[in-house]
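S.K.:
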């Protein structure tokens, strides 16, 4: 179970396309051909809430294999695994995955005696378009993923819409650091919001009244990340994430203990092995690979 939680937390915090994570590219990065694949290790530590709104946390170290693949139709990068329908320098349409953390209700006081939340998988299309920049300086992108959600136990969990604005390619920082920031929100169906924040009559208590969530905004989020690429094999990155449920559809749920939540992760990536073949030279929207 600890191994599963480590993997889930890692995917959640540094790999999911939630409105959150991306990296840096320069004009040279846009035109340079990177290896078709790279293999190595990613290690570090993270601290995230059991679920957004919980006052209890996972504090976990991790060591995992890292695999990067840059095919024309299949991409496996720090953002996760994506199938590419179309990509140019200013627009992309892809199919992506996101992972939601499982919650063991026996280990969460607010959810005591309730049904566990399973590991959830979100899959669906995403539109990405450049709003500002050409890769030579700061770039601004809009990203709009829509996904169907299901638990690994076979349960359906509705759908989510997660629009966000990404500001990348922030350079000229001390110690050769680069940075990016993103703003976004998560909008969930009633089924999705109830999975995390609903309380059935049978689970209600004097301190946890029954609650039925409606379709609406699940939370708002802000991410800031800074890091440094030391060479073609080794890089490090710090992620800081803040989410708030204030003003959201589920803010009044008895399962929301903290309306403001933060997450932090420090990641070291080592990629000593790479292919001789390189990715194709077709035009595509820059990807967050500058720190990999």
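In the working numbering, the protein residues as written are 501 to 792. Glycine included, C-beta positions come from ideal geometry on N, C-alpha and C. The model shown is predicted, which means the values in this text are computed figures rather than measured ones.
Tell me the start and end of each unbroken beta strand (DSSP E) in the region 604–637 that is at least 3 residues and wholly inside, in chain order.
M.R.: Fully enclosed beta strand (DSSP E) runs of 3 or longer: 620–632.
S.K.: Whole angstroms are fine: how far does the CA of residue 600 sit from the CA of residue 741?
M.R.: Locating residue 741 in the chain shown gives position 241, counting from the first residue. Locating residue 600 in the chain shown gives position 100, counting from the first residue. Approximately 15 Å between the Cα atoms of the pair.
S.K.: Quick check on residue 642: does DSSP put it in helix, strand or coil?
M.R.: As a working note, residue 642 is residue 142 in the chain shown. Residue 642: strand per DSSP, three-state reduction.
S.K.: Measure the CB-CB distance between residue 642 and residue 628 and report whether it falls below 9 Å.
M.R.: Residue mapping note: residue 642 aligns to position 142 of the chain shown, counting from 1. Residue mapping note: residue 628 aligns to position 128 of the chain shown, counting from 1. Yes; because the gap between Cβ atoms is below 9 Å, this pair is in contact.
S.K.: Do the region 542–560 and the region 772–781 touch if we need at least three Cβ pairs shorter than 8 Å?
M.R.: Verdict: no, contact absent.
S.K.: Quick check on residue 601: does DSSP put it in helix, strand or coil?
M.R.: Numbered from its first residue, the chain shown carries residue 601 at position 101. In the structure shown, residue 601 sits in coil (DSSP, three-state: anything other than H, G, I, E or B).
S.K.: For residue 773, is the classification buried or exposed, using 16 other Cβ atoms within 10 angstroms of its Cβ as the cut-off for buried?
M.R.: For this step, residue 773 is matched to residue 273 along the chain shown. Counting Cβ neighbours within 10 Å, residue 773 comes out exposed, since fewer than 16 surround it.
S.K.: Pick helix, strand or coil for residue 527, following the three-state DSSP scheme.
M.R.: Along the chain shown, read from residue 1 onward, the residue named residue 527 stands at position 27. With a pLDDT of only 37 at residue 527, under the threshold of 50, the placement of this residue in the model should not be trusted; the figure read from the coordinates follows. DSSP places residue 527 in helix when its eight states are reduced to three.
S.K.: Closer than 8 Å is the cut-off here; do at least three beta carbon pairs connect the region 550–560 with the region 608–615?
M.R.: Verdict: yes, contact present.
S.K.: How would you call residue 640, buried or exposed, if buried means at least 16 neighbouring beta carbons within 10 angstroms?
M.R.: Indexing the chain shown from 1 puts residue 640 at position 140. Residue 640 should be labelled exposed.
S.K.: Can you name, in chain order, every residue of its own chain whose Cβ lies under 7 Å from the Cβ of residue 775, other than the five neighbours on each side?
M.R.: Walking along the chain shown from the start, residue 775 turns up at place 275. Same-chain partners within the cutoff: 535, 536, 537.
S.K.: Pop quiz: residue 666 and residue 719 are said to be a contact at Cβ under 8 Å. What is the actual Cβ separation, rounded to whole angstroms?
M.R.: Within the chain shown, numbered from 1, the residue matching residue 666 stands at position 166. Within the chain shown, numbered from 1, the residue matching residue 719 stands at position 219. Not quite, the Cβ-Cβ distance comes to about 17 Å (not below 8 Å), so this is no contact.
S.K.: Output needed for residue 652: all residues of its chain with C-beta closer than 6 Å, excluding positions within five of it in sequence on either side, in chain order.
M.R.: Residue numbering aside, residue 652 sits at position 152 when the chain shown is read from its first letter. 618, 619.
S.K.: Which runs of the beta strand (DSSP E) at least 3 residues long sit entirely within the region 559–602? Give them in chain order.
M.R.: DSSP runs (the beta strand (DSSP E)) wholly in the region 559–602: 574–577, 580–587, 591–600.
S.K.: List the residues that DSSP assigns as beta-bridge partners of residue 679.
M.R.: The residue labelled residue 679 in the question sits at position 179 within the chain shown. Note: residue 679 sits in a beta bridge opposite 670, 726.
S.K.: Go through its chain and collect everything with a Cβ distance to residue 703's Cβ below 6 Å, but skip five positions before and after it.
M.R.: The count along the chain shown starts at 1 and reaches residue 703 at position 203. Once the five neighbours on either side are set aside, the close Cβ partners of residue 703 are 614.
S.K.: Per DSSP, residue 720 is paired with what?
M.R.: Along the chain shown, read from residue 1 onward, the residue named residue 720 stands at position 220. Paired residue(s): 685, 744.
S.K.: In chain order, what residues of the same chain have a beta carbon less than 7 Å from the beta carbon of residue 681, not counting five sequence neighbours either side?
M.R.: As a position in the chain shown, residue 681 is number 181, starting the count at 1. 667, 723, 724, listed in sequence order.
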